[in-house]
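Residue numbers (the UniProt record's numbering): 1 to 127.
Report on the following structure.
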């Protein structure tokens, strides 16, 4: 992990966003939209609850990686993962795209942070 203040700030922000998104709408309070995504895929309500919980745990773990193992590779995974999740929501729950707090804004912002991180690290290596 780069000890540069800009890199640290980006990694801390992404860690917070991923951990928050894993804990609040999935682990602490299972938001209906989180359940609906799994149910649209044909998963029963019981298994949808388990899948939401597992997704939350995975997101918290992924978020913690930004604190303890940040690298360009992790940021590339972040970019691809967020793009995949955004496309998935567009296909399965398009109604969420027009809500006041929607996945488009959050995903694009998080992707932007990873893009800045990668470009910044590349520019540091050239210096």
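Think of the CB as a built atom: it goes at the ideal place given N, C-alpha and C, for glycine as much as any other residue.
Original post:
Can you tell me where the alpha helix (DSSP H) with residue 8 in it begins and where it stops?
Top reply: 5-22
Subject >> residue 27 vs residue 56 beta-carbon contact at 8 Å >> reply: yes
Subject >> Coarse secondary structure for residue 2, derived from DSSP in three states >> reply: coil
Subject >> Nonlocal neighbours in the same chain, by C-beta distance under 7 Å from residue 72, ignoring five residues either side >> reply: 118 and 121
Subject >> Cut-off 8 Å between Cβ atoms - residues of its own chain near residue 93, not counting five sequence neighbours on either side >> reply: 33, 36, 37 and 40
Original post:
Since residue 200 is in the alpha helix (DSSP H), which residue starts that stretch and which ends it?
Top reply: Because residue 200 is not part of the residues shown, which for the chain are 1 to 127, the question remains open.
**OP:** Report, in whole angstroms, the separation of the C-beta atoms of residue 70 and residue 11, which I expect to be a contact under 8 Å.
**Re:** 4 Å
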